[in-house]
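Its first residue numbered 1, the sequence shown is counted upward by one per residue in UniProt numbering. Glycine included, every Cβ here is placed at the ideal spot set by N, Cα and C. Since we're looking at a predicted model, the values are computed, not measured. Note sheet for the following structure.
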Amino acid sequence: MDQIKAAGYKPLLYASSSVLQNQIDTNSVIAKYPNSLWVASYAISGRIDNPNFNYFPSMEGVSIWQFTDNWRGLSVDGNVAVLPLSIDGDVTTNNGAISQAPSSSNSNSASTNNTTTNNNSSSAATPSEPETSGYVMKKAYIYNKKGERQSGYYAAYYGIKYYGSTVTLDNGKTALKVGDDRYVMASNVLGNSRVMKHNAYIYNHSGRRANWRVLRKGTPIKTYGSKFNINGKSYYRIGKGLYVKAANF
């Protein structure tokens, strides 16, 4: 950290909240480098679109909070600067060089990807209903209020805008309104919360281990859409190109 400071940059100490709280003398660190902690602490495993400050780790000296490793289901870290970042550590001003969390460039590029693969899948919405941006996490067909399939669809991993809150179609399915009498299944965008019944690995679309992580029994996870069949086994999608065996829920 001394070398980073001498080079003219703001030194930050990054680690999970458990490591910072149990294995590092953070009081000594922030005594020399005020507000220099970059803490990773997730409310749940799986997709998180926005930070929920009810789960903010209660620690002194935190400048950046990494609130997810699966921002908007894109398998990139989500970070939020909770204090202005300056070389001298003075949080009351922004004098000096400003640092940014590495994932900010990814966030910007992801937020601009707001198109559909089929022009027929978009339509004018009711102006009085609040508009919300979201991401389709599994190919989403268009339905009318009766639950009948219409022309067009949204491909997976594309940004959409939906209007109002969830609605129940005449066939009992829960959906989101994307246009005038046009709906997509809510589970393809918002996901369903499930709890792990067993420890589970994460797989890619080929059925191979995607990374080293293990999802622990009892962990709440969001799954998107219905089950996938990969090499004869059933999986749920939990992020972009990431799957967990359905038998673990």
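For I238, the enclosing beta strand (DSSP E) starts and ends at K233 to G239.
With fewer than 16 other Cβ atoms from the protein chains shown falling within 10 Å of its own Cβ, G218 counts as exposed. The three-state reading of DSSP puts V29 in helix, counting H, G and I together. When rounded, the separation of the alpha-carbon atoms in Q150 and Y162 is 17 angstroms. Going by C-alpha positions, F228 is about 30 angstroms away from N79. In the displayed model, A43 falls within coil according to three-state DSSP, outside both helix and strand.
Here K32 is exposed: its Cβ has fewer than 16 other Cβ atoms, across all protein chains shown, within 10 Å.
Annotation: the continuous alpha helix (DSSP H) that includes S18 extends over S17 to N22. The DSSP-derived three-state label of K5 is helix. Distance between G61 and L37, taken at the CA atoms: about 6 angstroms. Contact between G159 and S133 is confirmed by a C-beta separation of about 6 angstroms, below the 8 angstroms threshold. Note on geometry: alpha-carbon atoms of S16 and K138 lie some 31 angstroms from one another.
Annotation for A155: no beta strand (DSSP E) segment contains it, and DSSP assigns it neither H nor E. Linking L74 to Y153 through their CA atoms gives a straight-line distance of about 20 angstroms. Between A246 and Y236, the CB-CB gap stays under 8 angstroms. If the five residues before and after Y183 are omitted, its C-beta is found closer than 6 angstroms to the C-beta atoms of Y143, A175 and K177, all from its own chain and listed in chain order. Membership of W212 in the beta strand (DSSP E) is indicated by the continuous run R209 to L215. Annotation: the continuous beta strand (DSSP E) that includes E131 extends over E131 to Y135. In the same chain as V82, and ignoring 5 residues on each side of it, the C-beta atoms closer than 8 angstroms to its own belong to F56, V62, S63, I64 and W65, in chain order. Judged by DSSP secondary structure, N50 falls outside any beta strand (DSSP E); it is assigned neither H nor E. If you draw a straight line from the Cα of G191 to the Cα of S45, it is about 13 angstroms long. Secondary structure at N248: helix, using DSSP grouped into helix, strand and coil.
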